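Report on the structure given below.
Residue numbers (the numbering used here): 105 to 413.
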């Protein structure tokens, strides 16, 4: 197939809220999906790393996907459905497709560290079986193995592999993939908020973003300005968001972003073990950054790219 999703813009990597007894808080989850849609995002990505997919059962995983689909009206839902086990990833992907997901985000197999040919076999197995647009997710800091540019380019030739989420931190590698797939129907999306603007500058199409959970309007304004070639405005917003980008990764994602969600009143900061709450020291810094952002609408408000502080 040719992807019927435009993987351009901002796709928040959603959090999964939990109740006091660690059950999924579906009411808060759906309200959050609606808040993000109303803010103007281009799609939603539940049950990825930020959604604590590693602590969810398969049934919970599918329940979250269904709940987000039911909550929104007009944005695509791209379900995280990866695993280090190809059969398991295929099963999760099939169930997500049956639940109504518009696309799939597939983290590269982690822990067992396949060779590059193993990545190709893994992704092609799923792409051959499921007729939905799929995004290859490269995050070596979590998986222990990098998807090399040659591998990404080879995968891009498959009609169902529609994009690449780049979270390697290697802008040269990301730019090479964008360059070598320019003639394909293939999107390169930033998976690192601090690199979203540079990734777009070398051919990226947008971001699967953690920060967009907290600042969706600013993130959309930054990405939209960059895609329109207005780098003065995009840079101004990038600098406004810079402290938040850094603070959201002072501890393992999604610990800081869930704390930020609670501070803003969007959802609880509860985590499932082995993840823990953000330290008090970092919480104080996060509160200050969020307060500063609330007090200073600047470049988003006036559209000029000039910081009016």
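Even glycine gets a Cβ: it sits at the ideal position worked out from N, Cα and C. All values reported here derive from a predicted model rather than from experimental measurement.
Name the residue from the options whose alpha carbon lies nearest to the alpha carbon of residue i.
i: residue 67; options: 271, 197, 383 and 174; result: Coverage of the chain is limited to positions 105 through 413, which leaves residue 67 absent and any answer about it impossible.
i: residue 130; options: 204, 157, 163 and 171; result: 171
i: residue 367; options: 190, 391, 240 and 289; result: 391
i: residue 147; options: 182, 134 and 174; result: 182
i: residue 378; options: 371, 365, 359 and 280; result: 359
i: residue 221; options: 249, 239 and 195; result: 249
i: residue 345; options: 224, 199, 298 and 120; result: 298
i: residue 309; options: 239, 227 and 370; result: 239
i: residue 370; options: 205, 122 and 191; result: 122
i: residue 322; options: 125, 140, 133 and 108; result: 140
How many whole angstroms separate the CB atoms of residue i and residue j, which I take to be in contact at a CB cut-off of 8 angstroms?
i: residue 230; j: residue 210; result: 6 angstroms
i: residue 111; j: residue 266; result: 6 angstroms
i: residue 361; j: residue 312; result: With 8 angstroms as the limit, residue 361 and residue 312 do not qualify as a contact, their Cβ atoms being about 13 angstroms apart.
i: residue 414; j: residue 303; result: Only positions 105 to 413 of the chain appear in the structure, and residue 414 is not among them; the question remains open.
i: residue 149; j: residue 320; result: The Cβ separation is near 13 angstroms, so there is no contact.
i: residue 285; j: residue 327; result: The Cβ separation is near 19 angstroms, so there is no contact.
i: residue 294; j: residue 251; result: So it is not a contact: roughly 15 angstroms between Cβ atoms.
i: residue 306; j: residue 279; result: 4 angstroms
i: residue 351; j: residue 389; result: 6 angstroms
Which same chain residues, not among the five before or five after residue i, have their C-beta less than 6 angstroms away from its C-beta?
i: residue 386; result: 354
i: residue 197; result: 185, 208, 230 and 234
i: residue 145; result: 114, 116 and 320
Could you tell me which residues DSSP puts in a beta bridge with residue i?
i: residue 313; result: 116
i: residue 242; result: 270
i: residue 122; result: 128
i: residue 148; result: 181
i: residue 207; result: 182
i: residue 291; result: 267
Apart from the five residues just before and just after residue i, which ones in its own chain have a Cβ nearer than 7 angstroms to its Cβ?
i: residue 277; result: 253
i: residue 201; result: 234 and 236
i: residue 216; result: 188
i: residue 159; result: 376
i: residue 165; result: 151, 157 and 196
Taking only runs that begin and end inside the region 295-351, name each unbroken beta strand (DSSP E) of 3 or more residues, in chain order. Counting only runs of 3 or more, we get 310-313.
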